[in-house]
Amino acid sequence: MFCEIAAGDKPGYVVLSDDVAVAFLDTRPVFKGHVLVVPNGHVETLADLPVEAVGPLFRKVQAVARAVEEGLAAAGTFVAMNNKISQSVPHLHVHVVPRNRKDGLRGFFWPRVKYEGDAEIEDYAARVRSALRS
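Each residue of the sequence shown is one higher than the one before, starting from 1 at the first, in the UniProt record's numbering.
Put into C-alpha coordinates, the structure is as follows:
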(Lines of atoms letter the chains of each structure in order from A; the text may use other names.)
(Lines give C-alpha, C1' and ligand atoms only; values in the text may rest on other atoms or scores of the structure.)
Protein backbone atom coordinates (compact mmCIF):
# COMPACT_ATOMS: atom_id res chain seq x y z
CA MET A 1 0.00 0.00 0.00
CA PHE A 2 2.72 2.55 0.95
CA CYS A 3 4.78 1.61 -2.11
CA GLU A 4 1.75 2.44 -4.27
CA ILE A 5 1.34 5.85 -2.62
CA ALA A 6 5.08 6.53 -3.00
CA ALA A 7 4.91 5.57 -6.69
CA GLY A 8 1.82 7.73 -7.25
CA ASP A 9 -0.27 4.68 -8.14
CA LYS A 10 -2.58 5.11 -5.16
CA PRO A 11 -3.92 8.45 -3.93
CA GLY A 12 -2.52 9.94 -0.77
CA TYR A 13 -2.35 13.35 0.84
CA VAL A 14 1.35 13.77 0.10
CA VAL A 15 3.23 16.56 1.85
CA LEU A 16 6.74 15.63 0.68
CA SER A 17 8.06 13.45 -2.11
CA ASP A 18 11.65 13.15 -3.30
CA ASP A 19 14.28 10.52 -4.02
CA VAL A 20 14.71 9.74 -0.30
CA ALA A 21 11.20 9.63 1.15
CA VAL A 22 7.52 10.23 0.74
CA ALA A 23 5.48 11.76 3.55
CA PHE A 24 1.70 11.76 3.60
CA LEU A 25 -1.16 12.20 6.03
CA ASP A 26 -2.32 9.14 7.95
CA THR A 27 -5.98 8.65 7.05
CA ARG A 28 -6.61 7.30 10.56
CA PRO A 29 -4.70 9.93 12.53
CA VAL A 30 -4.02 10.05 16.23
CA PHE A 31 -4.55 13.81 15.81
CA LYS A 32 -5.31 15.72 12.63
CA GLY A 33 -2.10 16.46 10.76
CA HIS A 34 -0.51 13.08 11.70
CA VAL A 35 2.06 12.36 8.97
CA LEU A 36 3.71 9.09 7.94
CA VAL A 37 7.23 9.30 6.49
CA VAL A 38 8.30 6.29 4.43
CA PRO A 39 11.48 5.57 2.51
CA ASN A 40 11.24 5.52 -1.25
CA GLY A 41 11.59 1.89 -2.20
CA HIS A 42 10.21 -0.98 -0.21
CA VAL A 43 11.81 -1.55 3.20
CA GLU A 44 9.88 -3.49 5.84
CA THR A 45 11.64 -2.56 9.10
CA LEU A 46 14.31 -0.22 10.41
CA ALA A 47 16.71 -3.17 10.56
CA ASP A 48 16.20 -3.65 6.80
CA LEU A 49 17.04 -0.04 5.94
CA PRO A 50 20.59 0.22 4.56
CA VAL A 51 22.90 2.07 6.96
CA GLU A 52 23.65 4.77 4.38
CA ALA A 53 19.90 5.50 4.09
CA VAL A 54 19.27 6.04 7.82
CA GLY A 55 20.64 9.59 7.98
CA PRO A 56 18.87 10.85 4.85
CA LEU A 57 15.54 9.32 5.94
CA PHE A 58 15.73 10.83 9.41
CA ARG A 59 16.67 14.24 8.01
CA LYS A 60 13.30 14.05 6.21
CA VAL A 61 11.58 13.00 9.45
CA GLN A 62 13.22 15.97 11.17
CA ALA A 63 12.02 18.35 8.43
CA VAL A 64 8.48 16.96 8.62
CA ALA A 65 8.44 17.30 12.42
CA ARG A 66 9.42 20.97 12.09
CA ALA A 67 6.80 21.50 9.39
CA VAL A 68 4.05 19.85 11.45
CA GLU A 69 4.82 22.17 14.36
CA GLU A 70 5.04 25.27 12.18
CA GLY A 71 2.25 24.50 9.73
CA LEU A 72 -0.24 23.36 12.34
CA ALA A 73 0.84 25.63 15.20
CA ALA A 74 1.51 22.52 17.30
CA ALA A 75 3.50 22.86 20.52
CA GLY A 76 5.52 19.76 19.65
CA THR A 77 5.44 16.36 17.98
CA PHE A 78 5.45 12.72 18.92
CA VAL A 79 7.75 10.75 16.60
CA ALA A 80 7.43 6.95 16.66
CA MET A 81 7.97 3.79 14.68
CA ASN A 82 6.85 0.20 15.10
CA ASN A 83 8.88 -2.72 13.80
CA LYS A 84 6.91 -5.91 13.12
CA ILE A 85 4.75 -5.82 16.27
CA SER A 86 1.92 -3.28 15.86
CA GLN A 87 3.21 -2.47 12.37
CA SER A 88 -0.13 -2.49 10.56
CA VAL A 89 1.51 -2.08 7.14
CA PRO A 90 4.69 -4.08 6.45
CA HIS A 91 6.60 -1.05 5.18
CA LEU A 92 8.90 1.05 7.34
CA HIS A 93 7.04 4.20 8.37
CA VAL A 94 7.71 6.89 10.91
CA HIS A 95 4.76 8.57 12.61
CA VAL A 96 5.01 12.33 13.15
CA VAL A 97 2.06 13.31 15.33
CA PRO A 98 1.28 16.92 16.26
CA ARG A 99 1.11 17.43 20.03
CA ASN A 100 -0.26 20.07 22.35
CA ARG A 101 -0.48 20.17 26.11
CA LYS A 102 -3.51 18.36 27.50
CA ASP A 103 -4.32 16.83 24.10
CA GLY A 104 -5.35 13.55 25.72
CA LEU A 105 -2.52 11.34 24.46
CA ARG A 106 -1.30 9.16 27.29
CA GLY A 107 1.49 6.61 26.95
CA PHE A 108 1.08 4.36 23.97
CA PHE A 109 -2.72 4.41 23.85
CA TRP A 110 -3.38 6.08 20.52
CA PRO A 111 -6.96 7.27 20.15
CA ARG A 112 -7.91 7.84 16.52
CA VAL A 113 -9.89 10.72 15.06
CA LYS A 114 -11.50 11.19 11.66
CA TYR A 115 -11.20 13.99 9.16
CA GLU A 116 -14.52 15.57 8.23
CA GLY A 117 -13.86 14.95 4.56
CA ASP A 118 -11.48 15.41 1.67
CA ALA A 119 -11.44 19.20 1.98
CA GLU A 120 -10.30 19.08 5.60
CA ILE A 121 -7.61 16.46 5.02
CA GLU A 122 -6.32 18.41 2.00
CA ASP A 123 -6.22 21.57 4.14
CA TYR A 124 -4.02 19.81 6.72
CA ALA A 125 -1.78 18.41 3.97
CA ALA A 126 -1.45 21.86 2.36
CA ARG A 127 -0.46 23.49 5.63
CA VAL A 128 2.31 20.97 6.30
CA ARG A 129 3.40 21.05 2.65
CA SER A 130 3.63 24.84 2.78
CA ALA A 131 5.69 24.79 5.97
CA LEU A 132 8.11 22.30 4.40
CA ARG A 133 8.80 24.81 1.62
CA SER A 134 9.53 27.69 3.96
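Glycine residues also receive a C-beta, built at the ideal position from the N, C-alpha and C atoms.
Same chain only: Cβ atoms within 7 Å of residue i, ignoring 5 sequence neighbours per side
| i | result |
| --- | --- |
| H42 | C3, H91 |
| K84 | T45 |
Residue i classed as buried or exposed, judged by whether at least 16 other C-beta atoms fall within 10 angstroms
| i | result |
| --- | --- |
| P98 | buried |
| G55 | exposed |
| V89 | exposed |
| V94 | buried |
| G104 | exposed |
| K60 | buried |
| G33 | buried |
| D18 | exposed |
| residue 140 | Past the boundaries of the shown model lies residue 140; the chain is included only from 1 to 134, so the question cannot be answered. |
| P50 | exposed |
Endpoints, the beta strand (DSSP E) within which residue i is located
| i | result |
| --- | --- |
| V79 | 76 to 80 |
Residue i, DSSP secondary structure in three states
| i | result |
| --- | --- |
| S17 | strand |
| V37 | strand |
| F31 | coil |
Cβ-based neighbour list, residue i, same chain, cut-off 8 Å, excluding 5 preceding and 5 following
| i | result |
| --- | --- |
| D48 | L92 |
Segment limits, alpha helix (DSSP H) that includes residue i
| i | result |
| --- | --- |
| E4 | 2 to 7 |
| A47 | That residue, A47, is in no alpha helix (DSSP H); it is neither H nor E in DSSP. |
Practice task
Note down, one range per segment and in chain order, each alpha helix (DSSP H) of at least 4 residues found wholly within the region 49 to 114.
Solution key: Runs of the alpha helix (DSSP H) inside the region 49 to 114: 51 to 72.
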